[in-house]
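The structure appears below as structure tokens.
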Amino acid sequence: MELVLHEEIEYNGLFLNIEEFTDIKVLVHLKGRLETANSIHFLKFIIDLVDFSSVGCELILNMKELYYVSSTGIGAFTTILVNCKKKNMNLFMKDMQPKVKDILELLGFISFFKLI
Amino acid sequence: MGININFKRFVEKSNSMFYVTSLKGEILYINDFGKSLLGITPDDINSGINVQSFYLFSEDRADFIQDLQKGEIIQEHEIRLINSYGKKIIGHEQSYIVPRSSGVDLVYGSVNDISDFIELNLNTARLNLELADINQKLQDAYTSMAQQEKMATIGELAAGVAHEINNPLGFIISNTNSVGRYIKILTEIFTKIKKTYNINAVEGIDQLEFILTDLGEVLKENKDGLRRIATITDSLKRFSRMGDENNKSNFDLNQAIKDTLTIAKTQYKYIADIELNLGDIPPVFCNGDSINQVLLNLIVNAAHAIDSLDPKERGLISIQTSVKDADVVFQVTDSGSGISDSIKNKIFDPFFTTKEVGKGTGLGLSLCYDIIVQKHGGKIWVENSSQGGAIFSFTLPGGNYGK
Ligand SMILES: Nc1ncnc2c1ncn2[C@@H]1O[C@H](COP(=O)(O)OP(=O)(O)OP(=O)(O)O)[C@@H](O)[C@H]1O
Ligand SMILES: [Mg+2]
Numbered sequence: 418m419e420l421v422l423h424e425e426i427e428y429n430g431l432f433l434n435i436e437e438f439t440d441i442k443v444l445v446h447l448k449g450r451l452e453t454a455n456s457i458h459f460l461k462f463i464i465d466l467v468d469f470s471s472v473g474c475e476l477i478l479n480m481k482e483l484y485y486v487s488s489t490g491i492g493a494f495t496t497i498l499v500n501c502k503k504k505n506m507n508l509f510m511k512d513m514q515p516k517v518k519d520i521l522e523l524l525g526f527i528s529f530f531k532l533i
Numbered sequence: 019m020g021i022n023i024n025f026k027r028f029v030e031k032s033n034s035m036f037y038v039t040s041l042k043g044e045i046l047y048i049n050d051f052g053k054s055l056l057g058i059t060p061d062d063i064n065s066g067i068n069v070q071s072f073y074l075f076s077e078d079r080a081d082f083i084q085d086l087q088k089g090e091i092i093q094e095h096e097i098r099l100i101n102s103y104g105k106k107i108i109g110h111e112q113s114y115i116v117p118r119s120s121g122v123d124l125v126y127g128s129v130n131d132i133s134d135f136i137e138l139n140l141n142t143a144r145l146n147l148e149l150a151d152i153n154q155k156l157q158d159a160y161t162s163m164a165q166q167e168k169m170a171t172i173g174e175l176a177a178g179v180a181h182e183i184n185n186p187l188g189f190i191i192s193n194t195n196s197v198g199r200y201i202k203i204l205t206e207i208f209t210k211i212k213k214t215y216n217i218n219a220v221e222g223i224d225q226l227e228f229i230l231t232d233l234g235e236v237l238k239e240n241k242d243g244l245r246r247i248a249t250i251t252d253s254l255k256r257f258s259r260m261g262d263e264n265n266k267s268n269f270d271l272n273q274a275i276k277d278t279l280t281i282a283k284t285q286y287k288y289i290a291d292i293e294l295n296l297g298d299i300p301p302v303f304c305n306g307d308s309i310n311q312v313l314l315n316l317i318v319n320a321a322h323a324i325d326s327l328d329p330k331e332r333g334l335i336s337i338q339t340s341v342k343d344a345d346v347v348f349q350v351t352d353s354g355s356g357i358s359d360s361i362k363n364k365i366f367d368p369f370f371t372t373k374e375v376g377k378g379t380g381l382g383l384s385l386c387y388d389i390i391v392q393k394h395g396g397k398i399w400v401e402n403s404s405q406g407g408a409i410f411s412f413t414l415p416g417g418n419y420g421k
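Following this line, the structure appears as structure tokens:
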């Protein structure tokens, strides 16, 4: 994977944009819908990014414009979280939409994630 | 014709929900499986029940219709429903719009109940997460065990070395003091001789005068060095398991912090301001001398960290005490440049220092570790603050005061 900053990449209705990448902070903007059709691509994208990141840094997913997350999306989030923990990285979810929060809550996952 | 009848039978008896609704959501047809999935009766259907009432998140329906109207034939997605018994259902839905000349478009669709499948999958995910947490804890425990073991061995070694050094050190110091007295006497006698006799002609007399003055200087330096060695051996001796560490009593940590700040004032007054946030904490049952030493080490370290900023700027040392789960918690935050990951797990090791030779022994934090963890069963750790400085914290188990 080559690391391109400030360039929107689309996977079936999900738009990803790396807005910041430093030794201490990685910020990714998520836009659109995270569902069966793109969860795998999303997962691969972020896991590659985690591989690239420095040990102990923080990964922030800006979810302000992410309007829908399916159960496969939640699965992707948990896999990402596990990978972050292995690298001693902190995962934060920023500005999560209430609807997305509801589904995380419903399926009993909210407590695993740090919302900011 | 036969195909049509058989197909109708298939739809009727299928283990998926099949439905036809209007765009507005009135249910026009739903198969048996659908009825039992949603928990609806034929009466419900006759009274014009609306699918909207089965959506777990009411806005989902409008989003879904919007997607359908984008015109693709089949839309596939995950649907979140709640049936009339209150059971939440996640389904995989495929549907499409059938436009009709009458203008009343219909929605045809099927839903597979995938709740169990998803629950299983998410359970695995949850287990994975918990596993990762447990792994992390194990790793932490392992690191701290390794550290304790290392400290125990080094502690014994250090106590032995300190003891060995202390004996010769004792007589060197006492001899040095005697030499000092002798030099003083020699100088006095020399001054008298010079006054009484004319000895200026004696060859080398200038040199003798110089030697007598310089001896004093040399001796002063020696004493300085000896004092430094004594400090080190004193610190080393504290590693020893014995000593007065068992001499514990109820101790007012807040008062001790104030006392330490008074004693250490020269170390920080030109460097940083102090901010105190001392909570309402119970007395701690501990060895006061040792805890005082921990406080002093941490505060001096904080001052040094701020002092080594480049460019220099006046900093802030904030000290906090509080109670958490029956433990007393101490925290000191400085505005220095923090501790980089590369040295984070070395700073509690004996003799690890980044300070120049002669300035730091690298024993400060290892002593703190020994005192807090080994001698008092507490914890000590470091983090970096969001402003970039270091936060050193320790806990002392409360609740055993008076024992
Ligand atoms: N508040 C702090 N901020 C940044 N680095 C620190 C801080 N406290 C300790 N350190 C780092 O940890 C090292 C070890 O500290 P420690 O107190 O054990 O020894 P020292 O301060 O170097 O020497 P001594 O305490 O014997 O004078 C220091 O040299 C420094 O690099
Ligand atoms: Mg120190």
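Protein chains in written order, with my numbering: chain X, 418 to 533; chain S, 19 to 421. Backbone N, C-alpha and C define an ideal beta-carbon position, used for all residues, glycine too.
The beta carbon of X/D468 does not come within 8 Å of any beta carbon belonging to chain S, so the residue lies off that interface.
Of all residues in the region 133-147 of chain S, only I136, N139, L140, A143, R144, N146 and L147 come within less than 8 Å of chain X when Cβ atoms are compared, listed by chain position. Scanning chain X for C-beta atoms nearer than 8 Å to the C-beta of S/Q154 yields K502, reported in chain order. Boundaries for S/T280: no beta strand (DSSP E) harbours it, while the alpha helix (DSSP H) harbouring it runs L271 to I281, taken from the DSSP string. For S/G222, there is no enclosing alpha helix (DSSP H), as DSSP marks it with neither H nor E.
S/K255 has its alpha-carbon roughly 24 Å from the corresponding atom of S/L271. S/I361 and S/D367 have their C-alpha atoms some 10 Å from each other. Residue pairing by DSSP places S/V302 opposite S/F269 in a beta bridge. Between the region 494-509 of chain X and the region 455-467 of chain X, the count of Cβ pairs shorter than 8 Å is three or higher; the stretches touch. Taking 8 Å as the upper bound for CB-CB distance, S/A248 and S/L187 are in contact here, some 6 Å apart. By the CB criterion at 8 Å, S/A408 and S/D325 fall outside the cutoff.
For a Cβ distance threshold of 8 Å, residue set L523 of chain X lies close to S/K106, ordered along the chain.
The region 314-332 of chain S makes contact with the region 372-384 of chain S: 3 or more CB pairs, one atom from each, lie closer than 8 Å.
Following the DSSP letters along the chain, one finds X/H458 inside the alpha helix (DSSP H) bounded by residues S456 to F469.
When distances are taken from the beta-carbon of S/L383 to the heavy atoms of ligand 2, the shortest one is below 7 Å. Not a single C-beta of chain X is nearer than 8 Å to the C-beta of S/H394.
Residue contact check for X/V499 against chain S: a CB pair falls below 8 Å. Taking every protein chain shown into account, the CB of S/S102 has fewer than 16 other CB atoms within 10 angstroms, so this residue is exposed. In the DSSP assignment, S/I83 falls within the unbroken alpha helix (DSSP H) covering E77 to L86.
Taking 9 Å as the Cβ-Cβ cut-off, the region 93-123 of chain S approaches chain X at E94, H95, E96, R98, K106, I108 and H110, given in chain order.
Residue state for S/Q338 is assigned as strand, using DSSP reduced to three classes.
Listed in chain order, the positions of the region 354-373 of chain S with a beta carbon within less than 7 Å of a beta carbon of chain X are D359. For the region 90-129 of chain S, the continuous beta strand (DSSP E) assignments of 3+ residues that do not extend past its boundaries occur at 93-100 and 106-116, in sequence order.
According to the DSSP assignment, S/E293 belongs to the beta strand (DSSP E) that extends over A290 to L296. Relative to ligand 1, the beta carbon of S/D359 is positioned no closer than 7 Å to any heavy atom. Taking 8 Å as the CB threshold, X/T439 stays off the interface with chain S.
Using beta-carbon distances, S/E401 does not count as an interface residue toward chain X, since no partner is under 8 Å.
The three-state secondary structure of X/V443, taken from DSSP, is strand. With a beta-carbon spacing of about 11 Å, S/T39 and S/V116 fall beyond the 8 Å limit used to define contacts. Under the DSSP assignment, X/V499 falls in the alpha helix (DSSP H) whose first and last residues are S488 to K503. Residue state for S/D345 is assigned as strand, using DSSP reduced to three classes. With respect to the 8 Å criterion, X/K511 and X/I477 are classified as neighbours on the basis of their beta carbons. Counting along the chain, S/N64 sits inside the alpha helix (DSSP H) bounded by residues P60 to N64. Interface with chain S (8 Å Cβ-Cβ cutoff): X/E482 is excluded. Distance between S/S358 and X/G473, taken at the CA atoms: about 11 Å. Looking at the DSSP output, S/V400 sits in a beta bridge with S/F410.
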